[in-house]
Amino acid sequence: MGVEIKVENLSKSFGKQLIWGDVSLTVPAGEICVMLGPSGTGKSVFLKTLIGLLKPDQGSIVIEGTDIATCSERELYEIRKLFGVLFQDGAMFGSMNLYDNVAFPLREHTKKSESEIRDIVMEKMDLVGLLGAEDKLPGEISGGMRKRAGLARALVLEPEIVLFDEPDSGLDPVRTAFLNQLIVDLNAQIDATFLIVTHDINTARTVPDNIGLLYHRHLAMFGPREMLLSSEEPVVRQFLNAQRVGPIGMSEEKDADELEAEKDQELPPLPPIPLQLEPSNGLSRRSQRPAGEWCREHGVVPPPGSFEQNMSMAVGV
Amino acid sequence: MSSITAQRVLAPVGTAGRLFAFGLDVGRSVFRRPFQVREFIQQAWFIASVTIIPTALVAIPFGAVIALQVGGLIKQFGAQSFTGSAAVLAVVREAGPIATSLLIAGAAGSAIAADLGARKIREELDAMMVLGIDPIQRLVVPRVLACMLVAVFLNGLVSVVGVAGGYVFNVVLQDGTPGSYLASFTALAQLPDLWQGMVKALVFGLIAAVVACYKGMNAAGGPKGVGDAVNESVVVTFMLLFIVNFVMSAIYFQLVPPKTG
Numbered sequence: 001m002g003v004e005i006k007v008e009n010l011s012k013s014f015g016k017q018l019i020w021g022d023v024s025l026t027v028p029a030g031e032i033c034v035m036l037g038p039s040g041t042g043k044s045v046f047l048k049t050l051i052g053l054l055k056p057d058q059g060s061i062v063i064e065g066t067d068i069a070t071c072s073e074r075e076l077y078e079i080r081k082l083f084g085v086l087f088q089d090g091a092m093f094g095s096m097n098l099y100d101n102v103a104f105p106l107r108e109h110t111k112k113s114e115s116e117i118r119d120i121v122m123e124k125m126d127l128v129g130l131l132g133a134e135d136k137l138p139g140e141i142s143g144g145m146r147k148r149a150g151l152a153r154a155l156v157l158e159p160e161i162v163l164f165d166e167p168d169s170g171l172d173p174v175r176t177a178f179l180n181q182l183i184v185d186l187n188a189q190i191d192a193t194f195l196i197v198t199h200d201i202n203t204a205r206t207v208p209d210n211i212g213l214l215y216h217r218h219l220a221m222f223g224p225r226e227m228l229l230s231s232e233e234p235v236v237r238q239f240l241n242a243q244r245v246g247p248i249g250m251s252e253e254k255d256a257d258e259l260e261a262e263k264d265q266e267l268p269p270l271p272p273i274p275l276q277l278e279p280s281n282g283l284s285r286r287s288q289r290p291a292g293e294w295c296r297e298h299g300v301v302p303p304p305g306s307f308e309q310n311m312s313m314a315v316g317v
Numbered sequence: 318m319s320s321i322t323a324q325r326v327l328a329p330v331g332t333a334g335r336l337f338a339f340g341l342d343v344g345r346s347v348f349r350r351p352f353q354v355r356e357f358i359q360q361a362w363f364i365a366s367v368t369i370i371p372t373a374l375v376a377i378p379f380g381a382v383i384a385l386q387v388g389g390l391i392k393q394f395g396a397q398s399f400t401g402s403a404a405v406l407a408v409v410r411e412a413g414p415i416a417t418s419l420l421i422a423g424a425a426g427s428a429i430a431a432d433l434g435a436r437k438i439r440e441e442l443d444a445m446m447v448l449g450i451d452p453i454q455r456l457v458v459p460r461v462l463a464c465m466l467v468a469v470f471l472n473g474l475v476s477v478v479g480v481a482g483g484y485v486f487n488v489v490l491q492d493g494t495p496g497s498y499l500a501s502f503t504a505l506a507q508l509p510d511l512w513q514g515m516v517k518a519l520v521f522g523l524i525a526a527v528v529a530c531y532k533g534m535n536a537a538g539g540p541k542g543v544g545d546a547v548n549e550s551v552v553v554t555f556m557l558l559f560i561v562n563f564v565m566s567a568i569y570f571q572l573v574p575p576k577t578g
């Protein structure tokens with residue numbers, strides 16, 4: 001069914017350096033959310049904080065009535081059984097072959113017989129397109145395959161919440177497109193809550209129901225996809241449209257001189273909002289909203305050409 | 318400025334405290350079910366396989382050196398009939414546990430630290446925690462117990478090989494008589510010597526494994542971090558083992574009176 005994640009006033013710093021502060025957001029149950037941000041803004045740290053691998057300095061993360069930031073170790077291990085996490089490099093156990101890797105959570109947490117485990121593992125391997133590679137060791141396969149195997153392992157316990165740490169980094173565009181379609185199909189199928197951390201704007205523009213943007217040590221904006229894609233807010237606009245003009249610079253934010261220099265530059269018009277990716281079986285997901293609904297409800301005029309079939313995916317030109 | 322120096326000075330205390338807390342965590346997890354029998358057996362087998370041959374090879378010259386030293390000394394005292402006894406005392410009480418600890422720390426500890434360190438930097442440990450499995454219970458406890466078990470057996474091996482080596486050197490090279498070497502075994506040595514050797518080996522195995530696991534699980538900063546962790550774990554273990562060995566020997570001499578007659 002999916003579970004809601006409620007984050008309030010979350011802050012995290014390493015030593016004296018603040019990573020991000022005062023992050024408040026609610027990831028609605030069963031929806032797909034994307035967390036965006038320039039490199040090095042602590043997106044992965046945010047993800048690790050959500051699963052309790054890192055303790056925040058302040059604030060709370062409430063999942064099914066349990067606050068992950070303050071609960072005991074034992075409660076944490078219980079809560080984690082709700083999660084499936086896809087790590088950046090798949091984080092497969094190097095000493096086991098793919099089959100044993102995917103079967104590992106089942107063997108540890110359930111009393112299923114080997115034949116039942118075999119059925120489940122094979123089903124998940126088929127889902128991510130890895131049938132026939134069960135006997136390979138993680139060291140023997142490509143990064144993309146490791147990632148897909150990691151996804152199979154994350155899904156094997158039927159999680160209520162699935163976290164993706166950069167599912168598209170290091171994948172070619174075709175595999176990324178397949179993976180995005182897989183994410184949408186999975187959400188339609190298992191109704192879990194999905195949170196994807198990425199900086200691939202193509203993914204961010206077409207996959208999620210909600211988008212969040214981490215920037216300059218705070219959460220710049222979090223809300224429905226159409227809200228952010230039609231937003232005129234400089235940071236959001238710059239990032240979601242991959243432009244050089246705007247407050248984000250090469251190393252961090254731009255200094256006053258640089259901003260002054262580009263003050264008069266005309267911002268290119270917002271590109272049209274693409275249609276959301278739909279499940280491949282044609283049925284719509286439970287949390288899916290009709291295209292343009294948010295814009296209509298809030299009286300926002302979407303950029304011209306929005307929500308058209310077969311529109312170009314190119315942005316920022 | 319002063320706070321920075323204070324931090325620097327107190328840093329080792331913090332590390333020692335964290336190591337101790339880690340040890341307590343391990344102790345608590347030992348009693349948590351399910352016990353990982355399979356991992357335990359695999360690890361015990363692995364540790365035994367990397368330590369048995371080096372231990373035996375170290376034990377032979379160890380016994381020989383003791384036989385040479387003690388044999389020469391004892392001849393000057395004119396107490397050749399006690400050569401066997403002295404060799405047994407030295408090997409069983411000190412050389413056995415020390416040789417064991419060196420091998421456990423050097424061979425088994427470095428292997429454990431490297432293994433866990435590699436898992437740590439590849440995020441495997443994170444993945445395991447996220448899958449709801451406590452790496453301390455799943456990985457560390459079986460390793461620690463396996464290390465302790467193997468250490469006790471290795472201690473036995475060192476004792477036997479060391480005494481045998483001493484016998485060969487004494488009888489063959491120093492013209493001692495087999496009879497007096499064997500007969501004097503029980504003149505000075507007593508059964509508690511054997512027990513304390515085993516207890517020492519047990520404790521050394523525990524310390525070596527806990528330090529190796531702690532260092533491995535806290536490796537940071539990529540492949541170099543793993544190398545550092547292995548290096549530190551071996552050095553720290555050696556230092557701890559020699560200190561603990563001294564303390565345990567001192568306590569033993571207080572508790573058990575030397576055999577007379």
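Chain order of the listed sequences is A and P.
Per the working numbering, numbering of the first sequence is gapless, rising by one per residue and ending at 317.
Per the working numbering, numbering of the second sequence is gapless, rising by one per residue and ending at 578.
Note that beta-carbon positions come from the ideal geometry of N, C-alpha and C, so glycine has one too.
Hey, would you say residue i sits closer than 8 Å to residue j, going by beta carbons?
i	j	result
P:G426	P:A525	yes
P:G413	P:N472	yes
A:E258	A:G249	yes
P:T372	P:F521	no
P:A403	P:V387	yes
A:L36	A:T176	no
P:V326	P:A435	no
Return no unless some Cβ of chain P is closer than 8 Å to the Cβ of residue i.
i	result
A:I51	yes
A:S146	With the sequence shown as reference, residue 146 of chain A is identified as Arg, and Ser is not the correct amino acid for it. No, because no Cβ of chain P sits closer than 8 Å to the Cβ of A:R146.
A:F89	It is Asp, not Phe, that sits at residue 89 of chain A in the sequence shown. Yes, A:D89 counts as interfacial toward chain P.
A:S197	Here residue 197 of chain A turns out to be Val, not Ser, going by the sequence shown. Closer than 8 Å: no.
A:V128	no
A:G59	no
A:E108	yes
A:G299	no
A:Y99	no
Suppose you measure from the CA of residue i to the CA of residue j; what does that come to, to the nearest Å?
i	j	result
A:M227	A:V34	13 Å
P:L508	A:H109	47 Å
P:V405	P:V480	6 Å
A:T41	A:R237	17 Å
P:L505	P:A546	43 Å
A:L10	P:A323	30 Å
A:S60	A:T26	12 Å
A:F307	A:E75	44 Å
A:V7	P:K437	28 Å
P:Q359	A:I201	47 Å
P:V409	P:D510	7 Å
P:D443	P:L374	40 Å
A:I44	P:E441	Reading off the sequence, residue 44 of chain A comes out as Ser, not Ile. Each residue's alpha carbon lies about 16 Å from the other.
P:P452	P:M556	27 Å
P:M446	A:I211	27 Å
P:A407	P:G449	49 Å
P:W512	P:S566	12 Å
A:D168	A:L179	8 Å
What does residue i reach in chain D if we use C-beta pairs closer than 9 Å?
i	result
A:P105	The displayed structure is made up of protein chains A and P, and chain D is not among them.
Can you tell me whether DSSP reads residue i as helix, strand or coil?
i	result
A:H218	strand
A:K12	strand
A:C295	helix
A:C33	strand
A:K48	helix
P:T554	helix
A:S24	strand
P:I370	helix
A:N241	coil
A:T110	coil
A:N210	strand
Quick one: is residue i near chain A, going by C-beta distance under 8 Å?
i	result
P:R439	yes
P:D443	yes
Could you tell me if residue i is buried or exposed, where buried requires 16 or more neighbouring beta carbons within 10 angstroms of its beta carbon?
i	result
A:E114	exposed
P:M515	buried
A:T193	buried
A:D89	buried
A:W294	buried
A:F14	exposed
A:Q276	buried
A:I19	buried
P:F563	exposed
A:E232	exposed
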